[in-house]
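Asks: Going letter by letter, the sequence shown gives residues 353 to 502 in the working numbering.
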Amino acid sequence: MFTTLITGANRGLGLDFARQYAEDGWRVIACCRTPADAAELQDLAKQYDGVTIEKLDVCDRGAVDALARECAGQPIDVLLNNAGIIGPIPIAEHVERQQFGTMDYEVWRDVVETNTFAPLKMAEAFVEHVAASEQKKIVNISSTVGSITE
Numbered sequence: 353m354f355t356t357l358i359t360g361a362n363r364g365l366g367l368d369f370a371r372q373y374a375e376d377g378w379r380v381i382a383c384c385r386t387p388a389d390a391a392e393l394q395d396l397a398k399q400y401d402g403v404t405i406e407k408l409d410v411c412d413r414g415a416v417d418a419l420a421r422e423c424a425g426q427p428i429d430v431l432l433n434n435a436g437i438i439g440p441i442p443i444a445e446h447v448e449r450q451q452f453g454t455m456d457y458e459v460w461r462d463v464v465e466t467n468t469f470a471p472l473k474m475a476e477a478f479v480e481h482v483a484a485s486e487q488k489k490i491v492n493i494s495s496t497v498g499s500i501t502e
């Protein structure tokens, strides 16, 4: 049985990835910050025996390392770094804080931490798990929001 570990699995693309892998018979390690609030993910775990939910804030390096230790000896065929943020929502309400001279640097620090450093840390922490698997894939999900050219 193949195994995938998916971050940001509580909604959107992450939840759909978890659902599709589970339907295909994969073991799914579905990670999110607050499993108690992830009703759809909990329903998925009840529907498929191969789905386990792990509490994980990808920006908490200690928690990432702890999960990697917890998964010691477990090959992970696909590490799917899906967790991400785009900054203040709705953006229009915060436009004045996101212009030259009035940038909210804390917001952008969180964006860079979540979207850039966290996937790198996940790859570092789980590289041996991926190397021990058959498929050996690390996938980083992004969007045009992450593009500096658009």
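Cβ atoms here follow ideal geometry from the backbone N, Cα and C, with glycine treated the same way.
#1: I need the straight-line Cα distance from D409 to L393, nearest angstrom please.
#2: So if DSSP puts A382 in a beta bridge, which residue, or which two residues, is it bridged to?
#3: What residue range does the alpha helix (DSSP H) around V416 cover?
#4: How is V491 classed by DSSP in three states: helix, strand or coil?
#5: Going by C-alpha distance, which of I358, A484, P471 is nearest T404?
#6: When the Cβ atoms of the segment 416-433 are set against those of the segment 456-475, are three or more pairs found closer than 8 Å?
#7: Please name the residue, chosen from Q372, V463, I493, D456, that lies closest to A397 on a Cα-to-Cα basis.
#8: From the DSSP output, in three-state form, read off N433 for me.
#9: Please name the residue, chosen from L367, A388, T466, E458, that lies closest to I381 on a Cα-to-Cα basis.
#10: Beta-carbon within less than 7 Å of C411's beta-carbon, same chain only, minus the 5 sequence neighbours each way: which residues are those?
#11: Under three-state DSSP, which class holds Y457?
Replies: For this structure:
#1: To locate residue 409, count along the sequence shown from 1; it is residue 57. To locate residue 393, count along the sequence shown from 1; it is residue 41. Taking the straight line from one Cα to the other gives about 16 Å.
#2: As a working mapping, residue 382 is identified with position 30 in the sequence shown. DSSP output for A382 lists I358, I405 as bridge partner(s).
#3: The residue labelled residue 416 in the question sits at position 64 within the sequence shown. First-last of the alpha helix (DSSP H) with V416: 413-422.
#4: Along the sequence shown, read from residue 1 onward, the residue named residue 491 stands at position 139. V491: strand per DSSP, three-state reduction.
#5: Here residue 404 refers to the residue found at position 52 when the sequence shown is read from its first residue. Of I358, A484, P471, the residue nearest in Cα terms is I358.
#6: yes
#7: As a first step, residue 397 must be located in the sequence shown, where it is residue number 45. Residue Q372 is the option with its Cα nearest to A397.
#8: Taking the first residue of the sequence shown as position 1, residue 433 is located at position 81. Strand at N433.
#9: As a working mapping, residue 381 is identified with position 29 in the sequence shown. I381 has its Cα closest to that of L367, out of L367, A388, T466, E458.
#10: Numbered from 1 along the sequence shown, position 59 holds the residue referred to as residue 411. Taken in chain order, the residues that qualify are E465, T466, A470.
#11: Position 105 of the sequence shown, counted from the start, is the residue given in the question as residue 457. Helix.
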